[in-house]
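Okay, so the sequence shown: first residue is 698 according to the working numbering, each after it adds one. For every residue, glycine included, the Cβ atom is placed at its ideal position computed from N, Cα and C. Reviewing the structure listed below.
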Amino acid sequence: MAFFQSATGTLLANDEEVSFEEAFELGFNDAPVEREIIHPEWFKDSFLDLREDLDDAVQEGKKGIALYFGQEHCAYCKALMEINFTKPDIVKYFREHYDIISLDIWGSRTITLFDGSEISERDLAIQQNTNFTPSLIFFDETGKIAFKMRGYYKPYQFQAVMKYIVEDFYKTESFRDYLERADPPPRFTEEEMNEHEQIYKGPIVLDRRAAASNKPLAVIFEQQQCHACDQLHSEPLNNDETKQLLKGFELRQLDAWSDTPVITPNGNKITATEWARQLGIHYMPTTVFFNEQGNEIIRIDSVVKLYRMRSILSFILTDGYKNFDTFQHWRRYISIER
698 MAFFQSATGT
708 LLANDEEVSF
718 EEAFELGFND
728 APVEREIIHP
738 EWFKDSFLDL
748 REDLDDAVQE
758 GKKGIALYFG
768 QEHCAYCKAL
778 MEINFTKPDI
788 VKYFREHYDI
798 ISLDIWGSRT
808 ITLFDGSEIS
818 ERDLAIQQNT
828 NFTPSLIFFD
838 ETGKIAFKMR
848 GYYKPYQFQA
858 VMKYIVEDFY
868 KTESFRDYLE
878 RADPPPRFTE
888 EEMNEHEQIY
898 KGPIVLDRRA
908 AASNKPLAVI
918 FEQQQCHACD
928 QLHSEPLNND
938 ETKQLLKGFE
948 LRQLDAWSDT
958 PVITPNGNKI
968 TATEWARQLG
978 IHYMPTTVFF
988 NEQGNEIIRI
998 DSVVKLYRMR
1008 SILSFILTDG
1018 YKNFDTFQHW
1028 RRYISIER
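Structure follows, in structure tokens:
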């Protein structure tokens, strides 16, 4: 389905007005947006001394502060602002428990950290490995990181994260274990998984220690009754250009909750669910990319649509990860070169 913007900025599909949320769900183009991304007025106007910001939040009875890492023209940042942060229940819950401070991943403003050291917005974004915008990092009342959210989460997923950290579950269990306990995922057989002609169907033997492969590896972790998994296969992975790029990868697929035997890239003999737990995988689907020697390059553990997926595949195939601090720095370089 094609989406167009009217002169007033209204989104149209087949000449019918649709909301940004409807368009995003139905396959809205995630390429860079032209319109300015407006932050909510309730974002904190900060002097960027995180010690002061945290003190203010704690004195107001809040759990801590959240740093928002964004950038201009980011379709996923726009989704966070115009979908999640327009829902009254999300906004109310967030404001009750956290102050949020906006940072630009390319910015030069100086931030004072909890230990008194100073760093620029750009360097902090690199330090915190914000490959995808938007990213949110939640800090508790002591200044320790409670959770990192890299990329866009849909409202129901966003709410699950908020409950996990606000109710202090992060102190005693991983987010993966929290989700499994709260809503045990159904198990399914390999035959019930989403089909893709480029996924190798044999035993999951990924050991790359003895001899490096001639291709990087992409492992997709999924689960049953997963709408986001269905969308991954029906949208970005079903695109002809994406399929062409995927020819440069060894592509595998796993049920993240199954007992399927796996030999991991570093030679461990383990089950799929144990490996997913070791990797800290909680978002479904998550795609983890490994280089020819079996070292992790990057992972996609948030909503991904066509433009971002193709960009990540190109980032890996062109060895961009070897020459740039983050995916975002490579992407900016490529856009300038063009």
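Closest Cα partner of residue i within the set the options
i: residue 735; options: 745, 754, 743, 779; result: 779
i: residue 877; options: 974, 940, 904; result: 974
i: residue 765; options: 797, 931, 994; result: 797
i: residue 812; options: 743, 841, 949; result: 841
i: residue 733; options: 756, 776, 714; result: 776
i: residue 892; options: 792, 858, 743, 931; result: 931
i: residue 1008; options: 925, 959, 747, 939; result: 939
i: residue 753; options: 794, 723, 737; result: 794
i: residue 996; options: 956, 984, 755; result: 984
i: residue 718; options: 749, 801, 783; result: 783
i: residue 677; options: 925, 946, 743; result: This structure gives no information on residue 677, because the portion of the chain shown stretches from 698 to 1035.
i: residue 918; options: 955, 900, 1029; result: 955
i: residue 964; options: 1030, 908, 1029; result: 908
i: residue 916; options: 952, 910, 942, 925; result: 952
Between the CA atoms of residue j and residue i - distance to the nearest angstrom
i: residue 848; j: residue 978; result: 14 angstroms
i: residue 751; j: residue 799; result: 14 angstroms
i: residue 772; j: residue 850; result: 13 angstroms
i: residue 1024; j: residue 991; result: 19 angstroms
i: residue 702; j: residue 774; result: The predicted model places residue 702 with a pLDDT of 48, which falls under 50 and marks its position as unreliable, so this point remains unresolved.
i: residue 788; j: residue 856; result: 10 angstroms
i: residue 937; j: residue 1013; result: 18 angstroms
i: residue 822; j: residue 828; result: 8 angstroms
i: residue 913; j: residue 923; result: 26 angstroms
i: residue 890; j: residue 950; result: 9 angstroms
i: residue 898; j: residue 757; result: 55 angstroms
i: residue 785; j: residue 791; result: 10 angstroms
i: residue 957; j: residue 969; result: 5 angstroms
i: residue 870; j: residue 826; result: 23 angstroms
i: residue 738; j: residue 835; result: 19 angstroms
i: residue 944; j: residue 1016; result: 16 angstroms
i: residue 706; j: residue 1011; result: For residue 706, the predicted structure reports a pLDDT of 46, less than 50, and the residue's modelled location is therefore unreliable. The matter cannot be settled from this model.
i: residue 720; j: residue 859; result: 25 angstroms
i: residue 722; j: residue 715; result: 11 angstroms
i: residue 1002; j: residue 814; result: 37 angstroms
i: residue 966; j: residue 972; result: 9 angstroms
i: residue 933; j: residue 1006; result: 7 angstroms
i: residue 875; j: residue 896; result: 30 angstroms
i: residue 863; j: residue 801; result: 25 angstroms
DSSP state of residue i mapped onto helix, strand, coil
i: residue 799; result: strand
i: residue 815; result: strand
i: residue 832; result: strand
i: residue 778; result: helix
i: residue 907; result: coil
i: residue 841; result: coil
i: residue 1017; result: helix
i: residue 755; result: helix
i: residue 744; result: coil
i: residue 979; result: coil
i: residue 895; result: coil
i: residue 1006; result: helix
i: residue 987; result: strand
i: residue 806; result: coil
i: residue 867; result: helix
i: residue 729; result: coil
i: residue 787; result: helix
i: residue 966; result: strand
i: residue 846; result: strand
i: residue 858; result: helix
i: residue 720; result: helix
i: residue 932; result: coil
Same chain only: Cβ atoms within 7 angstroms of residue i, ignoring 5 sequence neighbours per side
i: residue 837; result: 760, 761, 843
i: residue 867; result: 843, 844, 861
i: residue 1022; result: 823
i: residue 745; result: 806, 807, 808, 809
i: residue 755; result: 838
i: residue 999; result: 829, 847, 848, 849, 850, 980
i: residue 781; result: 787, 852, 855
Residues of its chain near residue i, where Cβ-Cβ distance is below 6 angstroms and the 5 sequence neighbours each way are ignored
i: residue 929; result: 982
i: residue 767; result: 774, 830, 831
i: residue 726; result: none
i: residue 872; result: 861, 979
i: residue 770; result: 729, 730
i: residue 962; result: 903, 905, 987, 991
i: residue 935; result: none
i: residue 763; result: 795, 797, 833, 835
Cutoff 8 angstroms: residue i Cβ touching any chain D Cβ
i: residue 979; result: Protein chains in the displayed structure number just one, and chain D is not present.
Sequence-distant residues of its chain with Cβ nearer than 8 angstroms to residue i (five each side left out)
i: residue 816; result: 807, 808, 810, 824
i: residue 804; result: 817, 818, 819
i: residue 994; result: 913, 986, 987, 988, 1013, 1018
i: residue 927; result: 891
i: residue 880; result: none
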